[in-house]
Amino acid sequence: MSNLKIAKQLPFKVFVKRLIKKIFPVQKIDYTSQELRKTASSYTITSLLDVTHINSVNNEEAINHYLRHEFDLLGSGWICRNSSKVLQLNSEHHFFSEKVFKYFSKDYKFVDWQRDVRSGFEFDYTKQFDNQKIDKSKNVDIKNCWELGRLQHFPQMALAANKPDKRDEIILEFKNQSLDFIVSNPVGMGVQWACTMDVGIRVCNWLVAYDIFKKVDSTSILDDNFLLLFTDYVHHHAEFIFNHLEYKEGVAGNHYLFNLVGLLFITNYLSEKDETLQWRNFAENEIEKEFHKQFFLDGGNFEGSTTYHCLSAEAMLYATALMLRNGKKLSQDYVVLLGKAAQFIENVMKPNGTVPQFGDNDSGRLFKFTNGESLNYESLLAGFSGLFDNSSSPYLEKGMIEQFSKNNKLQAPNEKQKGKRQIRSTKHQLQQPNTTEIKFQSSINIEEIKLFAYSDFGIYVFKSSQFYLAISAIANKNMHHSWGHVHNDKLSFDLQVNGIDLVKDPGTYTYTSLPEKRNEFRNTKAHHGIVIDGIEQNKAIDLFYLEREVKCKVLEMQDLSITLQANYYGVEHIRKFSILSDQLIITDYCNKPFKVNINQFEEYSPNYGVSQKVNT
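In this text, residue positions in the sequence shown follow this note's numbering: the first is 2, and each later residue adds one.
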């Protein structure tokens with residue numbers, strides 16, 4: 002039944018293409034019976050970064066953990082990921098691995114790249130990436146493995162090696178872990194190749210780390226033998242990405258952006274040949290097309306999530322920098338939209354630099370130059386400043402972008418002005434209103450409050466240095482057809498006053514490992530709207546599909562107030578927010594009996610994989 006509902010939500014052309022593909026499947030590449038890895042390569046790797054112009058990061062504690070193969074990923078805490086078993090590979094892949102073992106340090110211990118540390122479930126090195134079975138009874142989270150396989154700790158190690166302390170030890174560990182990954186993960190085999198997006202993110206981080214390490218490797222730890230192995234493996238990443246693009250018959254999302262970004266990094270780092278130039282041209286052309294498909298005219302992303310907007314915007318930031326490096330001429334529409342995507346982050350951001358968790362949050366980033374997951378995106382904005390202005394910044398992302406782009410700058414667009422509308426009179430036909438007053442501990446200066454309205458994305462923000470109110474009306478029918486990262490949070494809100502969160506979205510917590518929790522965190526009762534017995538804003542089809550039922554619109558918008566309406570399954574809900582110097586007044590009207598649900602949910606997830614009890 003769920004498959005039928007999903008099919009109904011697909012664009013007709015896409016449905017036809019998928020039906021044809023099901024009837025006439027494309028022959029798959031068989032990775033199990035061939036060894037693609039080599040100890041030689043016809044390519045070379047060039048350098049794009051000058052480490053003397055990159056700020057070092059004081060991350061000593063995290064580096065010490067990495068040296069011991071301890072990783073804190075998606076709320077796991079610092080856990081040793083050493084393998085307790087002898088590496089078992091297919092006979093086709095065993096001979097190559099045996100040849101490479103001689104390049105390891107004698108006492109090196111292998112990492113277990115296939116184990117989900119929370120459930121204990123192990124994926125299979127000997128099975129092809131698209132034949133990995135999951136034991137659903139064990140609450141397995143495949144993202145736990147993928148997060149490790151993104152190798153986002155490598156750039157952190159490289160930046161630490163920019164200082165002389167422990168430099169050789171860190172470089173040697175990078176070499177060993179790199180060889181470990183190459184030996185343990187034959188091309189196309191195991192869980193680390195099961196998601197092309199993660200393959201793309203991995204190769205970006207690996208190349209950036211190698212670039213930095215090579216500049217400070219005065220004792221040639223990263224010798225020619227390593228370079229040949231690494232270069233060949235990078236080339237196979239490009240082939241794999243190109244052969245397994247996550248385009249899905251014409252419907253793509255953030256995954257496809259990272260496929261393309263991976264190709265751009267590879268083709269800028271590898272020596273220019275006909276093959277790499279073809280991949281680069283393909284990626285550049287597709288990035289331009291997808292950007293206009295996946296971002297609305299107001300700058301918001303079409304996934305229906307604030308953090309996924311930041312994730313996709315980060316992909317566009319680095320892609321644009323690399324395209325500018327190659328002299329790519331970008332249209333004015335592209336430049337304006339990129340500026341708006343950056344402005345969206347700045348305007349939606351709270352005074353403390355964090356963003357509200359409207360929609361899904363899987364704590365995803367392209368680069369994590371410091372350890373840990375965070376809702377703070379100030380460093381991402383600094384990266385955008387590397388394209389749009391010459392101001393100084395304490396964040397290294399600005400310098401990275403300036404070097405990737407060869408310091409080519411873009412002209413920032415002017416900000417779109419807010420609009421106002423008049424309220425309609427039908428609200429008075431609804432039942433007796435319910436008024437909620439949220440008092441502030443101290444008064445605020447309401448004259449400083451600015452309104453930022455993003456009607457395409459569906460978020461409305463009132464903010465000043467003292468005050469922050471963000472309201473979700475994310476219900477655009479032109480979002481990704483699945484609404485897979487959307488939550489039932491319409492007319493819910495985040496409220497922060499004088500740096501204190503009075504109301505905040507509960508987050509996401511998890512995806513596939515705990516289906517009940519997945520649905521609990523995205524349903525209406527988890528948010529700060531109203532609750533009507535037995536009625537969700539959108540019914541769940543599966544863990545990444547919602548029925549596209551709810552509709553939202555603004556009835557009135559003034560400097561210090563806004564009235565919005567949400568309609569779903571016969572429900573008509575009108576909510577008015579009025580900002581005073583000492584309180585926020587919320588007035589709810591509805592055509593059905595309801596309960597106000599502000600601060601009633603008992604859990605909060607600050608980042609993916611973490612759930613905390615809260616006082617209600």
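Even glycine gets a Cβ: it sits at the ideal position worked out from N, Cα and C.
Note that the coordinates shown come from a computational prediction; the quantities given were computed from them, not determined experimentally.
Does the distance from the CB of residue i to the CB of residue j come in under 7 Å?
i: Gly305; j: Met480; result: yes
i: Gly300; j: Ala342; result: yes
i: Trp79; j: His66; result: yes
i: Asp506; j: Phe359; result: yes
i: Glu315; j: Leu367; result: yes
i: Ile531; j: Phe595; result: yes
i: Leu75; j: Tyr609; result: yes
i: Val204; j: His237; result: no
i: Ile599; j: Phe578; result: no
i: Leu485; j: Ala474; result: For the record, residue 485 in the displayed sequence is Gly; it is not Leu. Taking 7 Å as the Cβ cut-off, Gly485 and Ala474 do not qualify as a contacting pair.
i: Cys81; j: Trp147; result: no
i: Ala322; j: Ile213; result: no
i: Trp280; j: Leu261; result: no
i: Cys553; j: Ala567; result: yes
i: Leu180; j: Tyr104; result: yes
i: Ile172; j: Ile222; result: yes
Does DSSP put residue i in a helix, in a strand, or in coil?
i: Gln358; result: coil
i: Ala471; result: strand
i: Lys341; result: helix
i: Ile222; result: coil
i: Thr564; result: strand
i: Ala253; result: coil
i: Lys399; result: helix
i: Lys39; result: coil
i: Tyr569; result: strand
i: Ile439; result: strand
i: Tyr44; result: coil
i: Ala383; result: helix
i: Ile460; result: strand
By a C-beta neighbour count over all protein chains shown, 10 Å radius and 16 as the cutoff for buried, is residue i buried or exposed?
i: Glu61; result: exposed
i: Ser285; result: The sequence given here places Glu at residue 285; Ser does not occur at that position. Its Cβ being crowded by 16 or more others within 10 Å, Glu285 is buried.
i: Met2; result: Any answer about Met2 is weak, because its pLDDT of 48 lies below 50 and its placement is not dependable; what the coordinates show is given next. Exposed: under 16 other Cβ atoms inside 10 Å.
i: Phe1; result: Here the chain comprises residues numbered 2 to 617, so residue 1 is not present and cannot be evaluated.
i: Pro357; result: buried
i: Lys369; result: buried
i: Glu448; result: exposed
i: Ser272; result: exposed
i: Glu374; result: buried
i: Gly508; result: buried
i: Pro607; result: buried
i: His529; result: buried
So, for residue i: in the same chain, excluding its five sequence neighbours on each side, which residues have a beta-carbon less than 8 Å away from its beta-carbon?
i: Leu515; result: Asn140
i: Phe102; result: Val184
i: Tyr469; result: Lys351, Pro352, Val462, Phe463, Asp495, Leu496, Gln497, Val498
i: Gly500; result: Pro352, Asn353
i: Asp31; result: Gln129
i: Asp131; result: Lys29, Ala195
For residue i, which residues of its own chain have a beta-carbon under 6 Å away from its beta-carbon, when the five flanking residues on both sides are left out?
i: Tyr590; result: Lys428, Leu431, Pro434, Ile575
i: Asp233; result: Lys39, Ser42
i: Phe453; result: Asn348, Val462
i: Thr127; result: Asn91
i: Ser120; result: Lys139, Asn140, Val141
Which same chain residues, not among the five before or five after residue i, have their C-beta less than 7 Å away from its C-beta?
i: Phe441; result: Val498, Asp583, Gln584
i: Ala63; result: Gln157, Asn372
i: Thr525; result: Asn489, Val532, Glu537, Gln538
i: Gln133; result: Phe124, Asp125, Val192, Ala195
i: Asn269; result: Leu49, Leu323, Arg326
Report task. Starting from the N-terminal side, write out each stretch of the alpha helix (DSSP H) that is 4 residues or longer and does not extend beyond the segment 295–335. Result -> Runs found: 307–326.
**Report entry** Uninterrupted beta strand (DSSP E) stretches inside the segment 154–218 (no shorter than 3 residues)
**Finding:** Here no run is fully enclosed.
Query raised in the report: Where in the segment 70–131 do unbroken runs of the alpha helix (DSSP H), each at least 4 residues long, occur, reported from the N-terminal end onward?
Result: Runs of the alpha helix (DSSP H) inside the segment 70–131: 92–101.
Report task. Note down, one range per segment and in chain order, each beta strand (DSSP E) of at least 3 residues found wholly within the segment 228–294. Result -> Listed in chain order, there is nothing to give.
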